[in-house]
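Just so we're aligned, residue 44 is where the sequence shown starts under my numbering, counting upward by one. Just so you know, even glycine gets a beta-carbon here, dropped at the ideal spot from N, CA and C. Note that this is a predicted model, so its numbers are computed, not measured. Have a look at the structure below, then the notes.
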Amino acid sequence: LLLGIDIGGSKIAYALADPAGEILARRRRPTEPTGNPEQDLARIADDARGLLAQAGAEEGDLRGVGVSVPGPLDIDRGRVVRPPNLAGWEAVPVGKILQTEFGCPVALENDANAAALAEYRFGAGRGCQDLVYLTMSTGVGGGIILGGRLHRGRMGTAGELGHTPVEWPGEPCACGLRGCLEAYLGGVALTRRLRAQVPETSACVALAGSPQAVSTVHWVEAARAGDPWALAEMDRFNHYLAQAIVHLAFSLAPEVVVLGTIPIAAGDALCFDPVRKHVAERIWPHQAPYMKIVPAELGEDLAYRAGLCVALEAIGKG
Ligand SMILES: [Zn+2]
């Protein structure tokens, strides 16, 4: 059996599956980091044992464990370096600790790469060989699959697409650089901008109650209702997203670009169609038909599938 663990900033998702990927048991709970990673990992191991019991299985049935966790990671040493939402998790040897607990291979992968693997294997990228995944949640995460394999690059920094520049020098980014895609499309940067710029007359304010309460959810809702300011901001979002996809078209020529979160909330009319149009205008005509720009498909299943795909990597079948 394979065990997938997705450690998110707010929730941890566990899934137990057979070798064909059929999920036998799953569970989700709030992350609740204690500040003591050993204690947190002991609780994670207990949860995993509970899942095995739920499926009528034993520890000896486990062949591989996969952990999807926010980066940065030291993949070679199986260490989590310093995830932004897990207090006290500094250079934690998660791989070694869980390997001792379960006595089977354990692989770690950053959450965006794990999500790219999940969409490639079980979601919008099924059947393709070259895929790029981009998601806009707190920041902008990315993952690259080339020739059916996750491309990690030197130091595992390939796929950090949120930090490719779309302006120079541009807006400051949380990473310390400037002009990064994340400084334009990341949830934190976007929310800051929406609150600072929103006019009192925008439907965003009516939906949120006050400018300081405006979120990306209110913005997308206001755009859907035809609010001119929200629509103008959506144009800006689509412009920068298209810019990033154009770079990918020329550097990687993926078959599929899978977009998660905000584009899915915005939908075809507000996001996918305009982005496809902007991209088509900025690449060679013969390229466009070979690169699909599609919504991520896994939704609520993503966290379970992400952990399991990393488990497949652990047993060398990724
Ligand atoms: Zn950056």
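Annotation for M179: the continuous beta strand (DSSP E) segment containing it runs 174–179. At a threshold of 8 angstroms, E343 does not count as near ligand 1, since its beta carbon sits no closer than that to any of the ligand's heavy atoms. In the structure shown, L129 falls within a coil segment according to DSSP collapsed to helix, strand and coil. In this structure the region 101–111 lies against the region 139–149, because at least three pairs of beta carbons, one per stretch, are closer than 8 angstroms. The beta carbon of A150 is closer than 6 angstroms to those of G109, V353, E356, A357 in its chain, skipping five residues each way along the sequence. Between W272 and P242, the gap from beta carbon to beta carbon is short of 9 angstroms. DSSP links I336 through a beta bridge to V300. The region 243–259 makes no contact with the region 221–228, as fewer than three CB pairs between them are under 8 angstroms. For D61, the number of other beta carbons within 10 angstroms of its own is below 16, and it is reported as exposed. Per the C-alpha coordinates, the member of F293, L341, A296, K335 positioned closest to T304 is L341. Leaving aside the five residues that flank G213 on each side, the residues in its chain whose CB is nearer than 7 angstroms to its CB run, in chain order, R221, G222, A226. Around the beta carbon of T259, a 10 Å sphere encloses 16 or more other beta carbons of the protein chains shown; the residue is thus reported as buried. For L44 against D104, the beta-carbon gap comes to about 5 angstroms, under 8 angstroms, which counts as contact. Remark: C-beta atoms of P115 and G52 do not approach each other more closely than 9 angstroms. The DSSP-derived three-state label of S258 is coil. With respect to the 9 angstroms criterion, G184 and G205 are classified as neighbours on the basis of their beta carbons.
Taken from the Cβ of E225, at least one heavy atom of ligand 1 lies inside 8 angstroms. By the Cβ rule, the region 276–296 does not count as touching the region 153–164, because fewer than three pairs are nearer than 8 angstroms. When Cβ pairs closer than 8 angstroms are counted between the two stretches, the region 331–347 is seen to touch the region 293–304, the count reaching three or more. Counting only the Cα atoms, P73 lies some 25 angstroms from V257. In this structure G202 does not touch A167 by the C-beta definition: roughly 17 angstroms separates them, more than the 8 angstroms allowed. The Cβ atoms of A85 and L46 lie no closer than 9 angstroms to each other. Taken atom to atom, the span from the alpha-carbon of P254 to that of P148 is near 50 angstroms. At least one heavy atom of ligand 1 lies closer than 8 angstroms to the C-beta of C216. When C-alpha distances from L224 are compared across Q330, T234, M179, the shortest belongs to M179. Taking the Cβ atoms as the reference, G131 lies roughly 6 angstroms from N79, within the contact range of under 8 angstroms. Per DSSP, G109 is one residue of the beta strand (DSSP E) stretching across 107–112.
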